[in-house]
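Colleague: To convert, note that position 4 of the sequence shown is 3 in numbering that gives the first Met the number 0; the numbers rise steadily by one, no gaps.
Virtual Cβ for every residue (Gly too), placed ideally from N, Cα, C.
Here it is: the structure, laid out below.
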Amino acid sequence: MYTKLAFIRPAEARAKTMTQFPDIRFIKSAHKPRDFPPDSGREVAFAGRSNAGKSSAINTIVARRGLARTSKTPGRTQLINFFGLADDQRLVDLPGYGFARVPAEVRNHWRELMQDYFAGRGSLAGVMLIVDIRRGLGEFDGQMLDWAMASGCPVHILLTKADKLKRGGVAKAVHETEKALARDYASTAQATLSLQVFSSLKNTGVDDAREVLREWLVFGESGA
Ligand SMILES: Nc1nc2c(ncn2[C@@H]2O[C@H](COP(=O)(O)OP(=O)(O)O)[C@@H](O)[C@H]2O)c(=O)[nH]1
Ligand SMILES: [Mg+2]
0 MYTKLAFIRP AEARAKTMTQ FPDIRFIKSA HKPRDFPPDS GREVAFAGRS
50 NAGKSSAINT IVARRGLART SKTPGRTQLI NFFGLADDQR LVDLPGYGFA
100 RVPAEVRNHW RELMQDYFAG RGSLAGVMLI VDIRRGLGEF DGQMLDWAMA
150 SGCPVHILLT KADKLKRGGV AKAVHETEKA LARDYASTAQ ATLSLQVFSS
200 LKNTGVDDAR EVLREWLVFG ESGA
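Encoded structure:
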């Protein structure tokens, strides 16, 4: 009897990871606010610089390879992609930013689309900000933080690609990010700010990120 358990456990563990977000499906891509799906229930948006590792992080967190396309060519996505989960919950893949060769016209469209999204999206329960741990917070990340804070929305930062640094480098990056946040948001913060180390390649911090996601999707303040 007991020896059998040793064989059952790995399969159970595998099944558990595979059904993290079993019903996730692509809903639509939006180029304009009028294309957004109905603003009901709760949704969590993923934001980040182009090539930071956002699509990889989404795929890792929902345990679905290839759900959000990952690319070695940065700056491709200029659309907001909506994914549906059960019970009127959504994940939102926001277009990446900060890609140097993007024309001004595209950047302006991005800015307008983001402003509309943050200002008007009642169902937005939280923002996952994906930051390459080797680069740290950049100018556009600050802009995202400002918009999220202004709409009273909590932000959880994933310092991803942690596998690219040694332990000391990871600790230093965490410290510097915390220092920057304390400096820029200590007095203005209307909503909670948190951060963690992450790696899509090594699955570092995946359970913690899932915990935050679930909490927002289930208990988030926003929503109808
Ligand atoms: N080493 C490592 N590479 C990663 C990680 N996450 C993403 N990448 C790589 O970084 C590149 C950009 O990733 P992608 O998810 O498409 O970034 P996005 O533009 O922010 O959506 C791809 O080549 C990924 O394979 C990670 O945690 N570790
Ligand atoms: Mg992407």
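Going by Cα to Cα distance, which pick from Val-211, Thr-191, Asn-50, Leu-194 is closest to Leu-68?
Modeller: Sequence inspection shows Arg at residue 68; the Leu mentioned does not correspond to that position. Nearest of Val-211, Thr-191, Asn-50, Leu-194 to Arg-68, Cα basis: Asn-50.
Colleague: For Asp-181 and Pro-153, I'd like the C-alpha separation in whole angstroms.
Modeller: Per the sequence shown, residue 181 should be read as Ala rather than Asp. Their Cα atoms are separated by approximately 15 angstroms.
Colleague: Out of curiosity, what's the CA-to-CA distance linking Leu-212 and Asp-87?
Modeller: When rounded, the distance between both Cα atoms is 14 angstroms.
Colleague: Closer than 8 angstroms is the cut-off here; do at least three beta carbon pairs connect the region 96 to 107 with the region 198 to 218?
Modeller: No: fewer than three Cβ pairs fall under 8 angstroms.
Colleague: Can you give the beta carbon distance from Pro-37 to Gly-119, rounded, assuming they're within the 8 angstroms contact cut?
Modeller: That belief does not hold up - the Cβ atoms of Pro-37 and Gly-119 are roughly 12 angstroms apart, past 8 angstroms.
Colleague: Figure out for me which residue from Ala-29, Ile-129, Arg-110, Ala-190 has the closest Cα to the Cα of Lys-160.
Modeller: Here the closest residue by C-alpha is Ile-129.
Colleague: For Gly-52, name the three-state secondary structure that DSSP assigns.
Modeller: If DSSP states are grouped into helix, strand and coil, Gly-52 belongs with coil.
Colleague: Applying the criterion that 16 or more other CB atoms from any shown protein chain within 10 Å of the CB defines a buried residue, is Glu-42 buried or exposed?
Modeller: Buried, because 16 or more other Cβ atoms sit within 10 Å of the Cβ of Glu-42.
Colleague: Go to Phe-139, then tell me how far its alpha helix (DSSP H) extends in each direction, as first and last residue.
Modeller: Looking at the DSSP string, the run of the alpha helix (DSSP H) that includes Phe-139 is 138 to 149.
Colleague: Is the beta carbon of Lys-160 within less than 6 angstroms of some heavy atom of ligand 2?
Modeller: For ligand 2, not one heavy atom lies less than 6 angstroms from the Cβ of Lys-160.
Colleague: Pull up the distance between the alpha-carbon of Phe-82 and that of Gly-97, whole angstroms please.
Modeller: Rounded to whole angstroms, Phe-82 to Gly-97 spans 24 angstroms at the Cα level.
Colleague: Please report the residue range of the alpha helix (DSSP H) in which Thr-203 lies.
Modeller: Per DSSP, Thr-203 belongs to no alpha helix (DSSP H) and is neither H nor E.
Colleague: Under three-state DSSP, which class holds Phe-197?
Modeller: Here Phe-197 sits in coil by DSSP.
Colleague: Helix, strand or coil for Leu-93, going by three-state DSSP, please let me know.
Modeller: Residue state, collapsed to three classes: coil.
Colleague: For the alpha helix (DSSP H) that contains Gly-167, what are its first and last residues?
Modeller: It spans 166 to 184 - the alpha helix (DSSP H) in which Gly-167 sits, taken as one unbroken run.
Colleague: Please work out which residues of its chain come closer than 7 angstroms, Cβ to Cβ, to Ile-60, disregarding the five sequence neighbours upstream and downstream, and give them in chain order.
Modeller: Excluding residues within five positions, the ones whose Cβ falls inside 7 angstroms are Val-205, Ala-208, Arg-209, Leu-212.
Colleague: Specify the secondary structure class of Leu-212 as computed by DSSP and reduced to three states.
Modeller: Leu-212: helix per DSSP, three-state reduction.
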